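Numbering (the working numbering), first residue to last: 18 to 133.
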């Protein structure tokens with residue numbers, strides 16, 4: 018027997034699960050960013066830094082992780098159009114990241130040459 022409170026409870030539970038999924042996706046994006054962020058901000062030669070890692074790379078990975086987790090959540094729930102749209106958003110963010118080289122290290126660290 019289905020009461021009037023079944024649907025709102027189920028919607029609330031689904032919404033809570035979606036929120037937790039988005040939060041875990043953002044944490045995963047942060048975990049992926051940390052090695053690049055440390056190298057770009059603190060691992061430079063003679064104080065050279067690449068602030069694009071912080072200003073562009075961190076938001077891209079946080080949003081990308083959130084969208085990827087929500088795409089997986091939508092796919093598990095059987096919402097294929099939503100999942101494909103979110104996956105297209107992740108692909109767009111990845112294209113922006115590659116185009117602007119958002120996770121590049123400092124120039125001096127990558128052009129060290131043979132002595133390194």
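Note that beta-carbon positions come from the ideal geometry of N, C-alpha and C, so glycine has one too.
Here the structure is a predicted model, which means the values were calculated and not measured.
Would a C-beta distance cut-off of 8 Å place residue i and residue j closer than the cut-off?
i	j	result
residue 116	residue 103	no
residue 69	residue 34	no
residue 54	residue 41	no
residue 78	residue 50	yes
Helix, strand or coil: how does DSSP classify residue i here?
i	result
residue 68	coil
residue 94	coil
residue 32	helix
residue 120	coil
residue 25	helix
residue 80	helix
Under the assumption that residue i contacts residue j (Cβ atoms under 8 Å), give the Cβ distance between them as a whole number of angstroms.
i	j	result
residue 92	residue 85	Not quite, the Cβ-Cβ distance comes to about 11 Å (not below 8 Å), so this is no contact.
residue 43	residue 106	Going by Cβ atoms, the distance from residue 43 to residue 106 rounds to 14 Å, so no, they are not a contact pair.
residue 71	residue 58	6 Å
By a C-beta neighbour count over all protein chains shown, 10 Å radius and 16 as the cutoff for buried, is residue i buried or exposed?
i	result
residue 28	exposed
residue 90	buried
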